[in-house]
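Undergrad:
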Ligand SMILES: Nc1ncnc2c1ncn2[C@@H]1O[C@H](COP(=O)(O)OP(=O)(O)OP(=O)(O)O)[C@@H](O)[C@H]1O
Ligand SMILES: [Mg+2]
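Numbering (the working numbering), first residue to last: 483 to 808.
#1: Among 624, 625, 594, which one has its Cα closest to the Cα of residue 521?
#2: What is the residue span of the beta strand (DSSP E) that residue 667 lies within?
#3: Less than 6 Å between C-beta atoms, sequence neighbours within five positions excluded: which residues of the same chain meet that for residue 585?
#4: So, helix, strand or coil for residue 640, using DSSP?
#5: Any heavy atom of ligand 4 closer than 7 Å to the CB of residue 671?
#6: Could you check if residue 699 is buried or exposed, using at least 16 other CB atoms within 10 Å of its CB as the buried criterion?
#7: Between which residues of its own chain and residue 506 is the CB-CB distance below 7 Å, once the five residues before and five after are set aside?
#8: Rounded to the nearest angstrom, what separates residue 775 and residue 766 at their Cα positions?
#9: In chain order, what residues have a CB nearer than 5 Å to some heavy atom of ligand 2?
#10: Give the DSSP bridge partners of residue 710, in chain order.
#11: Report the rounded CA-to-CA distance for residue 749 versus residue 791, giving the unit in angstroms.
#12: Strictly by DSSP, which residues pair up with residue 632?
#13: Can you tell me where the beta strand (DSSP E) holding residue 727 begins and where it ends?
#14: Ligand 1 heavy atoms versus the CB of residue 711: any closer than 7 Å?
#15: Considering only DSSP beta bridges, list what residue 675 is partnered with.
#16: Is there at least one non-hydrogen atom of ligand 1 closer than 7 Å to the beta-carbon of residue 507?
#17: Three or more beta-carbon pairs under 8 Å between the segment 615-626 and the segment 647-659, yes or no?
#18: Cβ atoms of residue 696 and residue 651: under 8 Å apart, would you say?
#19: In whole angstroms, give me the CA-to-CA distance for residue 758 and residue 769.
#20: Using CA atoms only, rank isn't needed, just tell me which of 784, 728, 745, 798 is closest to residue 762.
#21: I need the DSSP call for residue 548, collapsed to helix, strand or coil.
#22: Is any heavy atom in ligand 1 found nearer than 7 Å to the beta carbon of residue 573?
#23: With H, G and I counted as helix, E and B as strand and the rest as coil, what does DSSP make of residue 782?
#24: Once you ignore the five residues that flank residue 729 on each side, which residues in its own chain have a CB closer than 7 Å to its CB?
#25: Tell whether a beta-carbon distance below 8 Å holds between residue 515 and residue 523.
#26: If you measure from the CB of residue 612, is any heavy atom of ligand 1 nearer than 7 Å?
#27: My output table needs one value for residue 573: the three-state DSSP class, helix, strand or coil.
#28: Would you mind reading off the limits of the alpha helix (DSSP H) that contains residue 592?
Now the structure itself:
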């Protein structure tokens, strides 16, 4: 049975509109009921929680952007979107996709894990070259989990005065604990770097230490994703704080073919030799291949003579855009 503190906490969370804490208390109550052998009550509570969340999200979706818009000082630190992307739209090596699917599963089944004293994965680091899907993955995870995507605005966060930066970081982490969402620290080396051009090394260190501390202390239900092009710049102390560290890379031949096929999927492609084209796309990122496809499709669509999609047009666009002579 619920104890008096839990009932009080529920009422308080409701009054303050703190959904994330409300659900976490409710989940604790379900876990307690299960422990005491009231499995039917535990199951009913879990179903009620899931239904309430589903309704809450639908409400959020219908009001989109207007709700949960960061206000006050937070407005310059976070921007929020409600993505609809799915992981299936990100082309990934099997191993990477499996790791991301595991994170999604653990998040979807978090009640079950928490009841058994386990925490779902929720802190991940993506690293790899530009245009390989790091931001797209963060967006797709938000879409899969029906969570708002909060992107940390580095311009607002990093100021000349590092003491200020640490205080702003605290504000962001308070929001992370208060409002469940996916929090995306892009260009993370700006915070997590062990090297610095600043003379004031001590101050930079303080910002990094604050981040490490907040990351460790934060036991909210939000997901924190950091992304960088430059893993070598990151302080090694960071690595063990993440539940998963996922590498992104430019596509190999098979993934390049998949990207081309994906981009051209609604066009007549019988004249295309994908093996040849993927060879021409060697060393290009996913984003670059997508751009080439986009250039090609625009050309086809706008051509008065009903030009057909063929290898030459694609190859010309590769050469033009990247000035290569593959
Ligand atoms: N793995 C991928 N699968 C499908 N499309 C991709 C993939 N990677 C990149 N793209 C395409 O390129 C665009 C840019 O990719 P994205 O912003 O995710 O790159 P990034 O890894 O975050 O790069 P950066 O390091 O520059 O931030 C995407 O919106 C998408 O159109
Ligand atoms: Mg990015």
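We put the CB at the ideal spot given by N, CA and C, even for glycine.
TA: The short version:
#1: Here residue 521 corresponds to residue number 39 of the chain shown, with the count starting at 1. Cα-wise, what sits closest to residue 521 is 594.
#2: Taking the first residue of the chain shown as position 1, residue 667 is located at position 185. Note, residue 667: beta strand (DSSP E), 664-667.
#3: As a working mapping, residue 585 is identified with position 103 in the chain shown. Only 603 meet the Cβ criterion.
#4: To locate residue 640, count along the chain shown from 1; it is residue 158. Residue 640: coil per DSSP, three-state reduction.
#5: Absence of ligand 4 from the depicted structure is noted, with ligand 1 and ligand 2 being the only ligands included.
#6: The sequence position of residue 699 within the chain shown is 217, counting from 1. It is exposed - the Cβ of residue 699 has fewer than 16 other Cβ atoms within 10 Å.
#7: Taking the first residue of the chain shown as 1, we reach residue 506 at position 24. These residues qualify, in order along the chain: 703.
#8: The count along the chain shown starts at 1 and reaches residue 775 at position 293. The count along the chain shown starts at 1 and reaches residue 766 at position 284. Roughly 12 Å separates the two Cα atoms.
#9: 616, 617
#10: What you label residue 710 is simply residue 228 of the chain shown in a count that begins at 1. Note: residue 710 sits in a beta bridge opposite 609.
#11: Translated into the one-based positions of the chain shown, residue 749 becomes position 267. Translated into the one-based positions of the chain shown, residue 791 becomes position 309. If you take the alpha carbons of residue 749 and residue 791, they lie about 8 Å apart.
#12: Position 150 of the chain shown, counted from the first residue, corresponds to residue 632. Residue 632 is bridged to 562, 665.
#13: One-based indexing of the chain shown puts residue 727 at position 245. Run containing residue 727: 726-729, per the beta strand (DSSP E) assignment.
#14: On the chain shown, residue 711 is found 229 positions in, with the first residue counted as 1. Yes, the Cβ of residue 711 comes within 7 Å of a heavy atom of ligand 1.
#15: Position 193 of the chain shown holds residue 675. Residue 675 pairs with 716.
#16: Along the chain shown, one-based indexing puts residue 507 at 25. No, ligand 1 has no heavy atom inside 7 Å of this Cβ.
#17: no
#18: Locating residue 651 in the chain shown gives position 169, where the first residue counts as 1. Locating residue 696 in the chain shown gives position 214, where the first residue counts as 1. Closer than 8 Å, so yes.
#19: What you label residue 758 is simply residue 276 of the chain shown in a count that begins at 1. What you label residue 769 is simply residue 287 of the chain shown in a count that begins at 1. Looking at the two C-alpha atoms, the distance is approximately 19 Å.
#20: One-based indexing of the chain shown puts residue 762 at position 280. When each option's Cα is compared against that of residue 762, the closest is 798.
#21: Counting from 1 along the chain shown, the entry for residue 548 is found at position 66. Unreliable positioning characterises residue 548 in this predicted model, as indicated by a pLDDT of 43, which lies under 50. A coordinate reading is not provided.
#22: Taking the chain shown and counting its residues from 1, one reaches residue 573 at position 91. The answer is yes for residue 573.
#23: Locating residue 782 in the chain shown gives position 300, counting from the first residue. Note: residue 782 maps to helix in three-state DSSP.
#24: Start at 1 with the first residue of the chain shown, and residue 729 comes out as number 247. These residues qualify, in order along the chain: 609, 610.
#25: Position 33 of the chain shown, counted from the start, is the residue given in the question as residue 515. Position 41 of the chain shown, counted from the start, is the residue given in the question as residue 523. In contact: residue 515 and residue 523 (Cβ atoms closer than 8 Å).
#26: The count along the chain shown starts at 1 and reaches residue 612 at position 130. Under cutoff, so the answer is yes.
#27: As a position in the chain shown, residue 573 is number 91, starting the count at 1. Correct three-state label for residue 573: coil.
#28: Position 110 of the chain shown, counted from the start, is the residue given in the question as residue 592. Segment 592-597, the alpha helix (DSSP H) holding residue 592.
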